[in-house]
Amino acid sequence: MPDNKTYSLAGTEQEVQFIIDVLNLPPNAKILDLYCGYGRHAIELAKRGYRIVGFDSSESFLDIARRNARADKVELEFVLGDMREIGFTAEFSAVINMFAAFGYFTDDENADIISKVSRALEPGGQFLIDLLNREWMINNSLNRYWRHPSGEYVLSYKVDLIKGLTYMKRTLINQIEDTKKEYEFSLRAYSLQEMEAVIAAAGMKITAVFGGFDRRVYDANSPRMIILAEKP
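Under our numbering, the letters of the sequence shown match residues 1488 to 1719, in that order.
This is the structure:
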């Protein structure tokens, strides 16, 4: 198996700098990385002096994140759990949810997750959520490729406009063992108007919307919809 440190989507440094710039938090601020995966954002943020809690539902992902953190001599906390059951209260200056790690449950469950995020924030805390832009996906075909500790991923999708669901197929190609595995799953694709309503119902207010990590203005042609919200 390749070294797991090769798992790094292009642009991690740009993404982390974007997070730091838009949150504009003081040194040593406490941040929850909700569904941190292999910890690439969490570890880099910890290197910059922030107190990080990485939360994910996959023990195998967290094992790799812990190994990477030890290799980089970075201290941070990793927690195993389901995002539907996060129980923090007024503990974080910011919560981040990156790389389309939201929308895997029912509308009610998704809304409850956002409410729990709001509860986890201190007064004045910020929530940064990075979503695929549904309007862009409708108008563009997608085949994405990236490296993974077990090989290379290919991701393709189609959007159900009536149900608001994105049906995705992920293919994992292991070039060493010459094998291929396919996984299919659905993801709720929210419009900006829908996210505004969900976030408002959780007691937060959107303060900015970006179309990419280069801080481009969000519109229907933006590949991403990155929302920054604040808890009063």
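Ideal Cβ positions, reconstructed from N, Cα and C, are used throughout, including at glycine.
When rounded, the separation of the alpha-carbon atoms in Thr1499 and Asp1550 is 20 Å. Secondary structure of Thr1694 (DSSP, three-state): strand.
The criterion of a C-beta distance shorter than 8 Å is satisfied by Ala1581 and Leu1512. The beta carbon of Ser1602 sits closer than 6 Å to those of Ala1689, all from its chain and outside the five residues before and after it, given in chain order. The secondary-structure analysis by DSSP pairs Gln1504 with nothing; it has no beta-bridge partner.
Taking a contact as a CB-CB distance under 8 Å, the pair Pro1719 and Pro1610 counts as one, their CB atoms being some 7 Å apart.
Listed in chain order, the non-local C-beta contacts of Phe1505 below 6 Å within the same chain comprise Phe1700, local neighbours out to five positions each way being set aside.
For Ser1544, the CB contacts under 6 Å within the same chain, skipping 5 residues up- and downstream, are Asp1569 in chain order.
If the five residues before and after Gln1613 are omitted, its C-beta is found closer than 6 Å to the C-beta atoms of Leu1510, Ala1581, Glu1717, all from its own chain and listed in chain order. In the structure shown, Asn1515 falls within a coil segment according to DSSP collapsed to helix, strand and coil.
Taking the CA atoms as reference points, Leu1674 sits about 11 Å from Asp1594. With respect to the 8 Å criterion, Asn1515 and Arg1538 are classified as neighbours on the basis of their beta carbons. Counting other Cβ atoms within 10 Å of its Cβ, Ala1607 reaches 16 or more and is therefore classed as buried. Under the 10 Å beta carbon count, Glu1531 is surrounded by 16 or more other beta carbons and is classified as buried. Taking all protein chains shown into account, Asn1708 has fewer than 16 neighbouring C-beta atoms within 10 Å of its C-beta and is therefore exposed. About 6 Å separates the CB atoms of Phe1548 and Tyr1525; that is less than 8 Å, so the two are in contact.
The C-beta separation of Val1540 from Asp1520 comes to about 7 Å, placing the pair in contact by the 8 Å criterion.
Within the region 1519-1565, the complete alpha helix (DSSP H) segments at least 4 residues long are 1527-1534, 1546-1558, listed from N- to C-terminus.
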